[in-house]
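Inspection log for the structure reproduced underneath, given as structure tokens.
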Amino acid sequence: MLEKLEAIKVRWKDIEQQMNDPSAMSDMKRYIKLSKDYKDLQPIIDGYEELKKIYSDTTSAKDLLKNEKDDEFRALAKEEILELNQRRDNLEEKIRLMLIPADPQDEKNAIVEIRAGTGGDEASIFAGDLYRMYLKYCETKKWKIEEVDLTEGTVGGFKEIIFNISGDNVYGQMKYESGVHRVQRVPRTETQGRVHTSAASVVVLPEAGEFDIELNPADIRKDTFCSSGPGGQSVNTTYSAIRLTHIPTGIVASCQDQKSQIKNYNKALAVLRTRIYELEYKKYLDSISSQRKTMVSTGDRSAKIRTYNYPQGRMTDHRIGLTMYNLQSIINGDIQEIIDQLQLAENAERLKAEIETV
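Sequential numbering of the sequence shown, starting at 1489, is according to this note's numbering.
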């Protein structure tokens, strides 16, 4: 491991030299990548330096144990060696996890799309429940949510809602929510008291930046229209709502959340850029999901990932067989433990795959 870490340190120093080269600033895209690579390697370098010190301290303690005659000093040396060995094992495990190639998208903001599926009005209500669940979760993470576009259900909730989430490592956490969410409960619209099963799909995409996708303005058709609310009633009489169409791919994005046409245009452009980026990103997801059984951020939007059973107060995540009986807390945004368990399962498989390739 030390040889591998030393090679990484050489690479880290090389990046540092490149960043200090005055010519690096002339290519902003390259400079941003260098800065990110440098920052990403820093924790590994810190771990490497700490590991070297542990090895050095262990050697000194072993020398003391070998040459010291005093029983009290020998006992202290033995105790120190045991402690250093424990620290070494823990640190090596931590470094192994850090050495696993991270998904480069994890640090990005996310665009989330929730759509009502099977179940009629109840599916729309459930889509609204999922949106509120994510809203409360984001509040605990101090992330910012901005609505982009929505279509309300006839009796509540949403037929569709699209929103941005911005903050630290948003996609790295939220990507685990992509897939079909299923609910089992007695709907408000049910008069016989029967339990129905409804579904809503969640799509989480890493927000594509300017450097990820270069869009030619000539390839984008812009249409403006009046924003509208439930029932088609006019929200405002100005043409502030925006619909953008990427002519080469036919991909469409719209936004009517803001009264300002410019703000709606910028939001719609971010969604359009992300949806175009998704075409290439899906190939990446498919390639890694074929290697990992528990890889959850796949391009398969039809995969049923989770069931929320209200009569039993139960949530089951089908990807890792996780069942929890605190459904009300989960619906109120307490989903961090689920995400942590999914990350743990994924990291275990990634570590296993890394070891098998060595």
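Just so you know, even glycine gets a beta-carbon here, dropped at the ideal spot from N, CA and C. In this text, all values refer to a predicted model and were calculated from it rather than measured experimentally.
State the DSSP-derived secondary structure class of T1782, mapped to helix, strand or coil.
The count along the sequence shown starts at 1 and reaches residue 1782 at position 294. Any answer about T1782 is weak, because its pLDDT of 49 lies below 50 and its placement is not dependable; what the coordinates show is given next. Coil.
Own chain partners of T1848 with C-beta closer than 6 Å, once the 5 adjacent residues on each side are dropped
What is shown of the chain runs 1489 to 1846, which leaves residue 1848 out entirely.
Here's a check: name, in chain order, each residue in its chain whose Cβ is nearer than 6 Å to the Cβ of L1757, leaving out the five neighbours to either side.
For this step, residue 1757 is matched to residue 269 along the sequence shown. Here the set comprises nothing.
What separation, rounded to the nearest whole angstrom, lies between the Cα atoms of P1675 and I1819?
Within the sequence shown, numbered from 1, the residue matching residue 1675 stands at position 187. Within the sequence shown, numbered from 1, the residue matching residue 1819 stands at position 331. Looking at the two C-alpha atoms, the distance is approximately 16 Å.
Start and end of the alpha helix (DSSP H) containing M1621?
Residue numbering aside, residue 1621 sits at position 133 when the sequence shown is read from its first letter. First-last of the alpha helix (DSSP H) with M1621: 1609-1629.
heavy atom of the ligand COA below 7 Å from V1658 C-beta
Ligands displayed in this structure: none; no statement on the ligand COA is therefore possible.
Going by beta carbon distance, what residues of the same chain come within less than 8 Å of N1814, once the five residues before and after it are set aside?
Translated into the one-based positions of the sequence shown, residue 1814 becomes position 326. The answer, listed in chain order, is G1801, M1803, D1822.
Start-to-end residues for the beta strand (DSSP E) that takes in M1812:
On the sequence shown, position 324 is the one that residue 1812 refers to. M1812 -> beta strand (DSSP E) spans 1810-1812.
Just to confirm, are R1673 and Y1798 a CB contact at a threshold of 8 Å?
Counted from its first residue, the sequence shown places residue 1673 at position 185. Counted from its first residue, the sequence shown places residue 1798 at position 310. Yes.
Please classify M1516: does DSSP put it in a helix, a strand, or coil?
Taking the first residue of the sequence shown as 1, we reach residue 1516 at position 28. M1516 falls in the helix class under three-state DSSP.
Whose C-alpha, out of Y1769, F1614, Q1816, P1705, is nearest the C-alpha of S1689?
Counting from one through the sequence shown, the residue named residue 1689 turns up at place 201. Looking at the Cα atoms, F1614 is the closest of the given residues.
Answer with buried or exposed for D1707, where buried requires no fewer than 16 other C-beta atoms within 10 angstroms of its C-beta.
Indexing the sequence shown from 1 puts residue 1707 at position 219. D1707 is exposed by the Cβ-count criterion.
Which residues share a DSSP beta bridge with S1742?
In the sequence shown, counting from the first residue as 1, residue 1742 sits at position 254. Answer is R1731, bridged to S1742.
I need the DSSP call for M1489, collapsed to helix, strand or coil.
Counting from one through the sequence shown, the residue named residue 1489 turns up at place 1. Of the three classes helix, strand and coil, the one that applies to M1489 here is coil, per DSSP.
Using three-state DSSP, classify S1748 as helix, strand or coil.
As a working note, residue 1748 is residue 260 in the sequence shown. Three-state result, S1748: coil.
What are the boundary residues of the alpha helix (DSSP H) that includes N1797?
For the purposes of this step, residue 1797 is taken as the residue at position 309 of the sequence shown. Per DSSP, N1797 belongs to no alpha helix (DSSP H); it is in the beta strand (DSSP E), 1792-1797.
Less than 8 Å between the beta carbons of I1650 and I1588, yes or no?
For the purposes of this step, residue 1650 is taken as the residue at position 162 of the sequence shown. For the purposes of this step, residue 1588 is taken as the residue at position 100 of the sequence shown. Contact flag unset, no.
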